[in-house]
Each structure stands twice: as structure tokens, then as C-alpha cells.
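Working notes, structure below.
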Amino acid sequence: MDETPMRFEMPSSRTLEFSGSRTVPVKSCGAEKRSFTVIAADGKKLPPKVTFKGVRTPRDLVVPDSVRVSVHKKGWMDEAGVKEWIRTCMPRNPTGERSLLVWDSFRAHLTGSVKEVLQRRSIDVAVIPGGLTPVHQPLDKCLNKPFNENMRRKYLSWIVTGPFEFTPAGKKKAPSRNLVLRWIKQSCKEILEETVRSFLTCGISNALDGTEDDAIYEEEQDNDAEEDEMDEEFDTESEDEP
Numbered sequence: 001m002d003e004t005p006m007r008f009e010m011p012s013s014r015t016l017e018f019s020g021s022r023t024v025p026v027k028s029c030g031a032e033k034r035s036f037t038v039i040a041a042d043g044k045k046l047p048p049k050v051t052f053k054g055v056r057t058p059r060d061l062v063v064p065d066s067v068r069v070s071v072h073k074k075g076w077m078d079e080a081g082v083k084e085w086i087r088t089c090m091p092r093n094p095t096g097e098r099s100l101l102v103w104d105s106f107r108a109h110l111t112g113s114v115k116e117v118l119q120r121r122s123i124d125v126a127v128i129p130g131g132l133t134p135v136h137q138p139l140d141k142c143l144n145k146p147f148n149e150n151m152r153r154k155y156l157s158w159i160v161t162g163p164f165e166f167t168p169a170g171k172k173k174a175p176s177r178n179l180v181l182r183w184i185k186q187s188c189k190e191i192l193e194e195t196v197r198s199f200l201t202c203g204i205s206n207a208l209d210g211t212e213d214d215a216i217y218e219e220e221q222d223n224d225a226e227e228d229e230m231d232e233e234f235d236t237e238s239e240d241e242p
């Protein structure tokens, strides 16, 4: 399980302009700093939970069936939000067998009340030490990047084609919460099954009999293969000549 901050606007980091130009215009609604939090987890592709900034849930909010939504005065995840995520997003095990929840050492994950809730649900916890999340946190390593790329593509398509809403002064509004929720649902759905299986490269949920240990090294082998292909692409006969 992991939390990732998101923005209502995700402008591209690249643009096209003549060399030497002093200013480069970028389409935007001026809401680049408006943020919310998306909470996702491994397992059976649990529903993402979105935390918007606010005191109460807007009446006109349309929440997709596969997404969970809450509000926080700063749009952050806190102790209450973690307990709500456990209650609304983590399925109960009908067999009564214990489950394993792997997450980082974020302070709200480690409070006494959260531990009590997990204990009542027969959920064991493994805390990833600080500095090792890029290696052992599946969402950091495997999922956040394709999810963010999916979200950015949807934003860039919208900022070009609309439809848009405008303020009384004629200023273009940022994408609505309802639109962002639809993007989140679609972006999660577009995560390939191969990406979910790549969680095995973190070495956490692999089979205990060692049959899946090779998956830990697959990513390194893939990276080496890509580097070899790039070397071959730029290799020329003239470089081999004395």
C-alpha cells in the first residue's frame, strides 16, 4: 500500500519553441498547485482511494463504483484516513487466514490505533525501512510511474480538446473532481497485468519455495538488454577500424 500525491493539472515537461525564445507559453488553467492524494495497493488490484482537500464531500460529486473518496482539510492522508482505507478498501478474508500488508514507515501507518484495527482484522504488517522503498515498495517501483503516465495523457488530451468550463470572468477552470475521478478509474484499469506481475521483482510476495526468485532479477536483465540494444544502434564500422 502506498500514497502518491497528484495535481489537478499535469502540464508536460516538454514543449516546442524556437531556440533563444525568452518565453515559452504553456496551456494551463492556473491550478498546478491544487493537489489531492491517491492511495493504491497490491493484491487483487484493490480500489484506489482519493483524498480531496475539503471539509465535507461535495453534493455534486459522482464517485465511480471502483473508486473510494474522502476529504481532508489539507488533502492529506492521516491516521483517520488510514483507518478508513482499511475499512473501505481492504477486503475481509472469508477463510479467516491472516493477511500481510506491506507499507512504508509513514507516521500514520504506525500509530497504536491503526495497529489495533489491523490486529482485529488478522492483518500482519511488514514495514519497509527508510531508504529502501525504491527497492521493496511495489508501488514506488512498478506502479506509480505507469499510473502517472496514464493520468498525464488524459490531462494533456483534455487541455487540448476540452470540454472546458469557465469562470464568470472568462478564465478557464481546472478539471473538475468528477472528471479527475474518471481519469483515475480509467488509469487504474489501464494498468497492464504484466505490470501487476512485476511486483515479484520486489521480492516480497514471491512463492516461499523459491520458484519465483528469478523474477527478482528480471528487471535488471531487461535493463541490460536495453543498454545492449542502444550500444548496437550507435555502434558503427568506423569505430571498429584502427
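Position one of the sequence shown corresponds to residue 1 (the working numbering), numbered consecutively onward.
Here a beta-carbon is modelled for each residue, glycine too, at the ideal position from N, C-alpha and C.
One thing to note: Val102 has its Cβ within 8 Å of the Cβ of Ile128. As a beta-bridge residue in DSSP terms, Asp124 pairs with Leu100. Note that the stretch 177 to 190 touches the stretch 50 to 70; at least 3 beta-carbon pairs, one per stretch, sit closer than 8 Å. In terms of Cβ geometry, Pro134 and Ile191 do not form a close pair [threshold 8 Å].
Rounded to whole angstroms, the separation of the alpha carbons of Thr211 and Thr57 is 47 Å. Cβ-Cβ distances below 7 Å link Gly130 to Ser105 in the same chain, with the five nearest sequence neighbours on each side left out; the list follows chain order.
The C-beta distance from Arg68 to Pro47 rounds to 5 Å, short enough to fall under 8 Å. The beta carbon of Val82 sits closer than 7 Å to the beta carbons of Ala108, His109, Val114 from its chain, once the five residues preceding and following it are set aside; these are given in chain order. Short of 7 Å from the beta carbon of Gly54, and not among the five residues preceding or following it, lie these beta carbons of its own chain, in chain order: Val71. The bridge partners DSSP lists for Lys145 come to none. In chain order, Arg98 place their CB closer than 6 Å to the CB of Ser122, counting only its own chain and leaving out the 5 sequence neighbours on each side.
DSSP places His72 in the uninterrupted beta strand (DSSP E) bounded by 68 to 72.
Spanning the alpha carbons of Gly170 and Phe164 requires a straight line of approximately 11 Å. Gly162 and Phe18 have their C-alpha atoms roughly 27 Å apart. Taking every protein chain shown into account, the CB of Arg177 has 16 or more other CB atoms within 10 angstroms, so this residue is buried.
Residue nearest to Met90 within the set Thr201, Glu116, Lys49 is Lys49 (criterion: CA-CA distance). Listed as beta-bridge partners of Lys172 by DSSP are Phe166.
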